[in-house]
Amino acid sequence: MADSIISTDGLRLYYGKKEALHGINLDIEEKKITALIGPSGCGKSTFLRCLNRMNDLIDTVTITGTVKFRGHNIYSPKTDTVKLRQQVGMVFQQPNPFSFSIYDNVAFGLRLAGIKDKQTLDERVEKALRQAAIWDVVKDDLNKNAQQLSGGQQQRVCIARVLATKPDVILMDEPTSALDPISSSQIEETMVELAKDYTIVTVTHNMQQASRISDKTAFFMNGKVVEYGDTAQIFINPKEQITNDYINGNFG
Amino acid sequence: MDVKKVDHLAKRIIQVMVGIVAVLLVLIIGYILVTGLPQESIDFLFKPSQAVKAGGGIRDQLWNSIYLLILALLISIPLSLGAGIYLAEYAPDNKLTHFIQTLIEILSSLPSIVVGLFGYLVLVIRFNMGFSILSGALTLTVFNLPLLTSNIENALRSVSDEQREGGLALGLSRWQTIKGILLPRTVPEIITGVVLSSGRIFGEAAALIYTSGQSAPALNYLNWNPLSPESPLNVMRPAETLAVHIWKLNTEGLTIDADIVSAAASAVLILVVLLFNILAHYLGNKLERKLTGGK
């Protein structure tokens, strides 16, 4: 596909000797929301974490196959993982703001990238917080410790923290599963808004969420992609019986 | 008995336990302060001690204790920071690591007199350092390292993995994550560990008797040449500390007013530890606020 920003080819991942991903071929389209669904332990989070090499942190993991980001294999030895992770940001299931002020949380990645000018920092922090739809709540309180915010607000600060470094892709690992329904739906709205400018790949256990917000859906099972296609097609007219069963809650 | 009654009983028993602990602490500290404080005077703190005559002070011992504490901390904090960070963040989960951890545990339960004799044999005799502040400080380092290392290791381990992942996902290197995110968070715990070990160091006698020695040659506080034997900064001079002084007064002291001096010195010891506590927490809070940006 011409407009795919990330594409994986024969991606296999082993924990020790055990193969957890059995050759994944997936093309992620630019400026779309791609949802990864499937039962627990099917490998969707593991797959997500392959896309910015977060699995590197686990010593026993070996990976074969390729993951191309804008045409470059990110697993080639030449890849600068620091740069990669700035281009492919990540939001986690559990909101994990650092124990700094809200401002410093968002500015952290910018300062790291060498931006020191106070005015530039201010602008970028404000923009990121606006994009994450939390600016109006925290604008008078930027020096407050981010960990004192509510869960939903913390998650927004985490999204802003990722946005501040202007990534191309945002990976989200069940970003709303630790949040209450209202915060969840607000984060969903934000995601839809963000998909105008960013590519989003999200793991979710929530079928309604996947069907509401995503453009593409991949159904994972036992370390394989069973079915991948437009969300509407997957949900209304799946090709595989097992996809149909999962979506309708007939197993799992 | 029904659940409610058991619950009530358990609470009562726990309250009694706490009561016993609190009463004991108040009694001990109260006794030391009540017997010691009336003997206290500004003069007592600033005049040299007497070997036989009554009316001696604790000037040099107090200074020696503080100086030794500072030196021991200066040596042991960087070392234990390095070791603690390695064990918590870098060490692979293998036999060697477990072996090191076991060694640290054993070392931390060594009686201080054994550490002192080790210091005597190795530093004082073998390395020919003599009874000196340096021998004492290095011995205290051996005594202090294992506890401070496990304190720092545990403090880092208590930070959730989400924080580490958050840092790495932002593109931070491992060291940047440790330095920028993990350490600032653990400052209060590390400070608490340093304060606790400072109390132990300040009150330590057994490890110092045979290393920094039991004599306190009179010091000249105007002499700032660290090579001069009468300079308070000289690290190669023998130096009796406050705790050793108290021990000596009560065992082989010939001083006529030994009981008065030792009571007063004990009170000073407690007050200094308390002062150090307050100061360290104040600085720790300030540092944490600065590092974590909550202005």
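Respectively, the protein sequence lines represent chains A and B. Here the first sequence stands for residues 908 to 1159, where the numbers follow my numbering. Here the second sequence stands for residues 1432 to 1726, where the numbers follow my numbering. Note that beta-carbon positions come from the ideal geometry of N, C-alpha and C, so glycine has one too. It should be emphasised that the depicted structure is a prediction, and the values quoted were computed from it without experimental measurement.
Beta bridge pairing from DSSP links Ala1125 (chain A) with A:Leu943, A:Tyr1135. Of all residues in the region 977-999 of chain A, only Thr988, Val989, Lys990, Leu991, Arg992, Gln993, Gly996, Met997, Phe999 come within less than 8 Å of chain B when Cβ atoms are compared, listed by chain position. The beta carbon of Phe976 (chain A) sits closer than 6 Å to those of Ile913, all from its chain and outside the five residues before and after it, given in chain order. Under the three-state reduction of DSSP, Met997 (chain A) is assigned to strand.
Of all residues in the region 950-968 of chain A, only Asn959, Met961, Leu964, Asp966 place a beta-carbon less than 8 Å from a beta-carbon of chain B. Sixteen is the threshold: since fewer than 16 other Cβ atoms of the shown chains lie within 10 Å of the Cβ of Val1545 (chain B), the residue is exposed. Across the structure, Leu1664 (chain B) and Ser1591 (chain B) are spaced so that their CA atoms are roughly 44 Å apart.
When beta bridges are read from the DSSP output, Ser1008 (chain A) appears opposite A:Asn1052. The C-beta of Ile935 (chain A) has 16 or more other C-beta atoms within 10 Å across all chains shown, which makes the residue buried. Taking 7 Å as the CB threshold, Gly1021 (chain A) stays off the interface with chain B. If you compare the alpha carbons of A:Asp1152, A:Val1013, A:Gly930 with that of Ala1039 (chain A), the shortest gap goes to A:Val1013.
Against chain B, the CB of Gln1061 (chain A) has no partner CB under 7 Å away; the residue lies outside that interface. The residues Ser1693, in chain order, have a CB closer than 6 Å to that of Asn1681 (chain B) in the same chain once the five nearest residues on each side in sequence are set aside.
Secondary-structure assignment with DSSP links Thr1570 (chain B) through no beta bridge to anything. When the Cα atoms are used, Ser1589 (chain B) and Ala1522 (chain B) turn out to be separated by approximately 16 Å. Between Leu1049 (chain A) and Leu955 (chain A) a beta carbon distance of about 31 Å is seen, past the 8 Å cut, so the two are scored as non-contacting. Contact annotation for Ile1612 (chain B) against chain A: Phe1005, Ser1006, Phe1007, Phe1015 [CB-CB distance below 9 Å, chain order].
Taking C-alpha positions only, Val1618 (chain B) is separated from Ile1583 (chain B) by approximately 9 Å. Excluding sequence positions up to five before and after Thr1528 (chain B), its CB lies within less than 6 Å of the CB of Ala1522, all in the same chain and listed in chain order. Counting only the Cα atoms, Ala1514 (chain B) lies some 39 Å from Asp1075 (chain A). For His1112 (chain A), the three-state secondary structure derived from DSSP is coil. Checking the DSSP bridge columns, you'll see Tyr922 (chain A) partnered with A:Lys925, A:Val968. Shown in chain order are the members of the region 1584-1602 of chain B whose Cβ falls below 7 Å from a Cβ of chain A: Glu1593, Gln1594, Glu1596, Gly1597, Leu1599, Ala1600, Leu1601, Gly1602. Straight through space, the alpha carbons of Lys1478 (chain B) and Ala1649 (chain B) are spaced by roughly 10 Å. What Arg1616 (chain B) touches in chain A, judged by beta-carbon distance under 7 Å, is Ser1006, going in chain order. Under the three-state reduction of DSSP output, Ser1659 (chain B) falls in the coil class, being neither helix nor strand. Three or more Cβ pairs closer than 8 Å define a contact, and the region 1116-1125 of chain A meets that threshold against the region 942-958 of chain A. Classified as buried, Ala1503 (chain B) has 16 or more neighbouring CB atoms from the shown chains inside 10 Å of its CB.
Residues of chain A whose Cβ lies closer than 9 Å to the Cβ of Pro1669 (chain B) do not exist, since the nearest Cβ in that chain is about 46 Å away. The criterion of a C-beta distance shorter than 7 Å is satisfied by Ile1009 (chain A) and Ala1053 (chain A). Distance from the CA atom of Phe1558 (chain B) to the CA atom of Leu1552 (chain B), rounded to whole angstroms, is 9 Å. Where Met1079 (chain A) is concerned, the enclosing beta strand (DSSP E) starts and stops at 1076-1080. At a C-beta separation below 9 Å, Arg1068 (chain A) has these neighbours in chain B: Gly1597, Leu1601. The C-alpha of Asn1151 (chain A) is placed about 23 Å away from the C-alpha of Ala927 (chain A). If you check the CB distance, Asn1003 (chain A) and Gly1597 (chain B) come in under 7 Å. Partner residues in the beta bridge of Thr973 (chain A), as assigned by DSSP, are A:Asp916.
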